[in-house]
Structure formats: structure tokens, C-alpha cells
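First up is the structure itself, then whatever we jot down about it.
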Amino acid sequence: MISKPPPLTFTVVGLGHIGGSLARALKKVFKKQIRIIGIDKNKATLAKAKKTRIFMELANSLSSKITKDSDIVFVCVDVDQIPQVFMRLSKLGLKRGAIITDVGSTKEAILKKAKSSLPSGVNFVGGHPIAGTEKSGFDSSDPNLFHERSFFVSGTVGSKKAPKRVGQIWKKLGCKVFTVSPKEHDKAFSYLSHFPHVLSFGLNKIVAQNLPSKTVRDYGGDSYKDYSRISSSSKSLWSEIFLSNKNNLLTNIKVFKKYLTELETALSKNTKSKTISAIRPKRRKP
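For the sequence shown, position 124 matches number 132 in the numbering used here, and the numbering has no gaps at all.
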């Protein structure tokens, strides 16, 4: 009789919206094939996580006891905290062949830190699920958050099998998996995610400075609500994302200033054709 292989140990560091959702999704899909260890420095979060009964173990920090048994470590903390986790992992020691992967919104800086921090014999796979919402915390975790979403493998160190293995896990969670270089990833998402947040935060700030709150409540229609929705996201989280991708974001801002100048000129001259030209998208060919 062939015995079943022992369950794999997955450690999730950071049990917020993404990390908590990931832990729930992993348990839902893999069931008894895995054991999940949850790490979070917040005691209230750990108490909530314990009630779900999906974790084999919960702790407020990493330890050598945890790392030596972990097959895959999912780093789900804010981007500015990821280097600290890498350093902690390297000091504690890891199982040879273990995979460290993250869910950060930028990839170039994270890959650079992984290369300089993580020991040999350990694999790193940069990852980015396109699944977050404006919500935060373990209370907003959802096992179905990643269903029919995109996941990007971006930047790897070590075995060529590691990114394939990570990609297979995310596929089983319901994601469509893409592979992209960190440089291309950060440029694309500066336009598609980071800059839209800049605009949403800016709109909310300008409206708050120029209109009474009652006017906003009474007059604000769907267009305003849709556009300003993501401005309720964590300011601390997004300030770190902005800083980690600042070079691309500064380019975006320069491009947008040019657009505003073009639109301002068209409006000041009261010219419909130039206004249409200013707001009409000029896309590159595929």
C-alpha cells in the first residue's frame, strides 16, 4: 500500500485583507493536503484567525521552529515591511529548497532585496495578485477573492521549478497566471493601478477642500462615488507603494501635467475640436 505524502506546510506572514484571504483560499482548495501557519503581530487579528480553525499554528512573529518546517512562505505584509521579513527569514534559517514568495504591488525593489538577503538553497518567486479592494484587515478576508483574477509571477531567484510551482498554486485558487519582468510590471502598474490611486486621492482631497460635506453627500452621484471609492484605501499602504515605484510614478505625473496643460489651453480658447482632441485617447498599437 502506497502511503500518502505528508501535508505541505504553508506559512502566511501578515493576515490582513490579502494574507487572510490567501490563507482562507488555500485551506478551501487544498484542504488536508496542507498545514497553514499564520503570522501577524496584531493580537486581535490572531484571535480572529484562531476562530476560523484553518491554522495549524498562529504566532506574532517568525521563529526558527516555524521556518525550518515551512515549504512555502507567503509574505503578505506592506511593501515597506517586506525587506525586514526577508532579513528575519535569512537569520532564522530555512528548509533547503523552500520557496519564499510575496504579494507586493511593486517588484523591482523587492527582487533586489531578495537577491541580497535570502540565503542560497532558498528560492524566491515575486508575485502580485490583482485582487485587492479598498478594504483592509482580517475581517475583510474572503476565500473567493482570487477567483477569476490575474496573478503575476515577476522576478525569481533559484530553481526554475519554483515559479511554476507558485503559479500552479495560484491557478488552483482561480487565477489566470502571467509572467512578466519586474521592470515591465512596475511600469505597467504605475499606469494601471498606482496612478489611478493618485488621481482618486487627489480628487477626494480637492473636493473636501472646496465643497461642504453636505453638498458632497447630497450631490455626489455614481460617477463621483465610483471614482473616489478607492481613496478610502489605507493611506499608509499606498504611500509606501507610491514611494517604492516613485520613478515610474513621477513620469506618470509629468505626462498628466502635459495632458492638463493641453486641456486647459483648449478650454481657455473655447475650442470644441481642441477639447475633443485633448480628451480623445491616443493609444499605441498592440
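Ideal placement from N, C-alpha and C gives every residue a C-beta, glycine not left out.
> Tyr235 and Ser252: beta carbons closer than 8 Å?
Replying inline: Inclusion of Tyr235 and Ser252 in the CB contact set at 8 Å is not warranted, their separation being larger than that value.
> Going by the beta-carbon positions, is the gap between Ser244 and Glu142 smaller than 8 Å?
Replying inline: no
>> For the pair the segment 107-119 and the segment 79-87, tell me if three or more CB-CB distances fall below 8 Å.
In response: Taking a cut-off of 8 Å on C-beta distances, the segment 107-119 touches the segment 79-87, as three or more cross pairs fall below it.
>> Along the chain, where does the beta strand (DSSP E) containing Lys184 start, and where does it finish?
In response: That run of the beta strand (DSSP E) goes Lys184 to Thr187.
> Does the Cβ-Cβ distance between Ile44 and Leu34 come in under 8 Å?
Replying inline: Result yes, Cβ atoms of Ile44 and Leu34 sit closer than 8 Å.
> Are at least three pairs of beta-carbons, each pair with one atom in the segment 88-108 and one in the segment 198-207, less than 8 Å apart?
Replying inline: no
> If you draw a straight line from the C-alpha of Phe132 to the C-alpha of Gly27, how long is it?
Replying inline: So the alpha carbons of these two residues sit roughly 18 Å apart.
> Using CA coordinates, which residue listed in Ile284, Ile74 and Leu257 is at the minimum distance from Ile47?
Replying inline: Ile74
> Run through DSSP, which three-state label would Leu275 get?
Replying inline: helix
> Where does Glu142 fall in DSSP's three states?
Replying inline: If DSSP states are grouped into helix, strand and coil, Glu142 belongs with coil.
> Going straight from the alpha carbon of Gly135 to that of Ile214, what length do you get?
Replying inline: 34 Å
> Measuring CA to CA, which of Ser247, Ser144, Asn256 and Arg96 is closest to Val87?
Replying inline: Ser247
>> Distance check for Ser72 and Ala122, CA to CA, integer angstroms please.
In response: 19 Å
> Among Lys282, Asn255 and Lys254, which residue has its Cα nearest to the Cα of Tyr267?
Replying inline: Lys282
> Would you call the CB atoms of Ser69 and Lys49 closer than 8 Å?
Replying inline: yes
>> So if DSSP puts Phe159 in a beta bridge, which residue, or which two residues, is it bridged to?
In response: Pro137 and Val185
> Using the rule of at least 16 other Cβ atoms within 10 Å of the residue's Cβ for burial, across every protein chain shown, is Ala216 buried or exposed?
Replying inline: exposed
> Roughly how many angstroms lie between the CA atoms of Gly101 and His155, to the nearest whole one?
Replying inline: 33 Å
> Quick one: Cα of Lys262 to Cα of Tyr199, how far?
Replying inline: 12 Å
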